[in-house]
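Numbered according to this note's numbering, the sequence shown spans residues 719 to 873. Where a beta carbon is used, it is the ideal one built from N, C-alpha and C, also for glycine. Okay, so here's the structure we're looking at.
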Amino acid sequence: MLVLAAALTPPGTASAQTKKIVPFLTAESSPDAVAQLTELIRQFEKDNPEIGIELQLTSNDNRASRIINSVSVGDELGIFEIERRLVPDFTQAGYLLPLDSIVQEIGVENFIPGSLLYWPWDGHLYQFTSDLSAATLYWRKDLFEKAGLAEPDNY
719 MLVLAAALTP PGTASAQTKK IVPFLTAESS PDAVAQLTEL IRQFEKDNPE
769 IGIELQLTSN DNRASRIINS VSVGDELGIF EIERRLVPDF TQAGYLLPLD
819 SIVQEIGVEN FIPGSLLYWP WDGHLYQFTS DLSAATLYWR KDLFEKAGLA
869 EPDNY
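Okay, structure coming up:
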């Protein structure tokens, strides 16, 4: 995810005197997840002293409107998370850059197998996942009953 910051900074545009600040808009709200992101940013900035990452926390409810507002006033978007359903509209509006060359530079083999399958749009990759999770939980009711277990009521 943070590799994108380096990719969006044209070579030779940042010097020791001028640090390129790249905003990173996320809807992460878990203290552990924010701590992990903060540590990744610290490591990235240590390895890339000419680039600073500005972590911006938002909610899922207003993330899309913040991105659209930034574009309309000419703010740099930098790195941001979006929902898959927004990719077609955001791509057509010119908000997203193709990431194919970044994935090739990193190496497809360095991504979790299958993690890039869901994200292509219009023949290009405009986003990739920063995490994987199960959106649906299935269980065998008969096996739960046989084991004397109650059905799950959350996951």
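Subject >> beta strand (DSSP E) runs wholly inside the stretch 737–761, at least 3 long, in chain order >> reply: 738–744
Subject >> C-alpha gap between Ser788 and Arg781, whole angstroms >> reply: For this step, residue 788 is matched to residue 70 along the sequence shown. For this step, residue 781 is matched to residue 63 along the sequence shown. Answer to the nearest angstrom: the Cα atoms are 11 Å apart.
**OP:** Give a yes or no on contact between the stretch 752–765 and the stretch 787–806, applying the rule of three or more CB pairs nearer than 8 Å.
**Re:** no
**OP:** Put Phe798 into one of helix, strand or coil per three-state DSSP.
**Re:** The count along the sequence shown starts at 1 and reaches residue 798 at position 80. Strand at Phe798.
**OP:** Measure the C-alpha to C-alpha separation of Leu773 and Pro749 and round it to an integer number of angstroms.
**Re:** Position 55 of the sequence shown, counting from 1, holds the residue named residue 773. Position 31 of the sequence shown, counting from 1, holds the residue named residue 749. Answer to the nearest angstrom: the Cα atoms are 14 Å apart.
Subject >> Sequence-distant residues of the same chain with beta carbon closer than 8 Å to Val821, five excluded per side >> reply: For the purposes of this step, residue 821 is taken as the residue at position 103 of the sequence shown. Only Phe829, Leu834, Leu843, Phe846 meet the Cβ criterion.
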